[in-house]
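See structure below.
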Amino acid sequence: MKSYWKITFFLGQSTIIGLAIAFLVVLFNPDLVNLNAPNSSLQGNYSNAVAASADSVVSLRTRGRYTTGSVGQGLGSGVIISQDGHLITNYHVIRGADRVLVQLADGRSAEPEIIGIDPETDLALLKINLPELPSIKLGRSDTLDIGQVVLAIGNPYGLSQTVTLGIISATGRGLGLTNFENFIQTDAAINIGNSGGALVNTRGELIGINTARFTAVDEGAPDGIGFAIPVNLVRGVITELVEHGRVIRGWLGVDSQNLPLLQAESLGIDGSAIELLSVSSPAISAGLLPGDIITHINDNRILNHNQAINLVAGMGPGQIIQIQGIRRGSGAFETHAILEERPSAARWRRATWRLFREGSLTW
């Protein structure tokens, strides 16, 4: 039978929880932290990593009124990143909620203050006011290796804290869920209620925030395809939200698509590139035109759309960037542009928790 795939977030709602638990083969003891290795070849004792990180992972329970007028409850996870109470979670965990309750692994609970949200990365920064809080150590996501052992920590299906084991299956994944993506793919088991939880390395350092998974709507499809926002991206968003209450990004004012390799070869380009579909200010001021092929920005070889949007967004408004490319009929060109602040054009669709855009997505 053909398998149909969809991408789902791990936000558990009360109407889903009962059905999900009814089909669980193993009922976890709420008082235990469970380690489940999907690959029997993954041997070792990772209790030190769990001890270093698990106390920092919290459960989030939300209550909100949906478009139908009914009141619903949701479940998610979060990670305390500082001893003064800052914690990070997914935006879709708290979106639409009129009440959020944070529960720590030691049983304490508190209602958080929302410091800031960033729908374009599906992240939200909260703060709780409790004494003697644990906090996780932030690692790095730019030095990850495919096959590296990782652990996912969260609160699936309304159970208490659970730990699962897997490896990094891929990095740099783009799924079309948010405007800025560079997902870590892992086969560590992550399920409903894990959204906003921690993906950690074997030292217990945070390397990602668990966010989404592939699921199949029929039988016969394999499990083990989950995605986490890399901690380097998370770190940048946290800094902006703490300092400004929002994320300030650079903006060139162009929309683009990946250039097929055959077209690139016909233009004498060695490798991939992107083609501009539309331009607006400040790209117009830089002399860029629809149809221009962009190969370099600030000497960085541009291979795809996701790379370009993340590169430009990571620069500040007012920064001058150097652009190299090819114009059909004219050949190679160079120009410079002064970036403006990226407009906030993203909204969330209630029915699917998927991000959509007003008009073209520009960078």
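For the sequence shown, the positions run -12 to 350 when our numbering is used. Just so you know, even glycine gets a beta-carbon here, dropped at the ideal spot from N, CA and C.
I102 and I225 have their alpha carbons spaced roughly 10 Å apart. Spatial neighbours of D93 in its own chain (CB-CB distance under 8 Å, excluding positions within 5 residues in sequence) are listed in chain order as D42. A direct Cα-to-Cα measurement between I216 and N116 gives close to 26 Å.
With 16 or more neighbouring CB atoms inside 10 Å of its own CB, E107 falls in the buried class. Beyond the five residues adjoining it in sequence on each side, F170 comes within less than 6 Å, by CB distance, of R160, F214 in the same chain, given in chain order.
Assignment of beta-bridge partners to V266 by DSSP yields V241. Nearest in C-alpha terms to W238, of all of V229, N181, A324, is A324. Counting C-beta pairs with one atom in each stretch, the stretch 132 to 142 and the stretch 72 to 80 have fewer than three that are closer than 8 Å, which means they do not touch. Around the Cβ of T130, a 10 Å sphere holds fewer than 16 other Cβ atoms; the residue is exposed. Under a 10 Å Cβ-count criterion, Q70 is classified as exposed, with fewer than 16 other Cβ atoms of the shown protein chains found around its own Cβ. By the neighbour-count criterion, in which 16 or more other beta carbons inside 10 Å mark a residue as buried, I104 falls on the buried side. With contacts defined as CB atoms closer than 8 Å, P277 and G240 fail to qualify as a contacting pair.
Counting only residues of its own chain and dropping the five nearest sequence neighbours on each side, N297 has a CB closer than 7 Å to the CB of F167, N169. One thing to note: P121 has its Cβ no nearer than 8 Å to the Cβ of I154. Residue burial annotation: S253 is exposed, with fewer than 16 other C-beta atoms found within 10 angstroms of its C-beta. Three or more beta-carbon pairs drawn from the stretch 241 to 249 and the stretch 288 to 304 are found closer than 8 Å, and the two stretches are therefore classed as touching. In this chain, the alpha helix (DSSP H) harbouring V299 covers 292 to 300. Contact check for I280 against I310 fails: the beta carbons are separated by 8 Å or more.
Beyond the five residues adjoining it in sequence on each side, S272 comes within less than 8 Å, by CB distance, of A324, I325 in the same chain, given in chain order. Annotated three-state conformation of V44 is strand, per DSSP.
As summarised for the stretch 119 to 175, the continuous beta strand (DSSP E) elements at least 3 residues long and confined to that stretch are 136 to 141, 149 to 160, 170 to 173, given in chain order. Proximity to D174 across S331, G191, G211 peaks at G211, based on C-alpha coordinates. Ranking E192, G141, Q148 by CA distance to the CA of A36 puts E192 first. With a cutoff of 8 Å on beta-carbon distance, K124 and H73 are scored as not near each other. Counted as a single uninterrupted DSSP element, the beta strand (DSSP E) harbouring I102 occupies residues 100 to 105.
G163 is the residue among A176, G163, Q60, R48 whose C-alpha sits nearest the C-alpha of D109. Non-local beta-carbon contacts of D85 in its own chain, meaning distances under 6 Å to residues more than five positions away in sequence, involve G51 in chain order. Minimum Cα-Cα distance from I307 among the listed residues R314, R315, E327, S317 corresponds to E327. Counting the other CB atoms within 10 Å of its CB gives N181 a total of 16 or more, which places it among the buried residues. For L254, the three-state secondary structure derived from DSSP is coil.
Taken atom to atom, the span from the alpha-carbon of L47 to that of R329 is near 31 Å.
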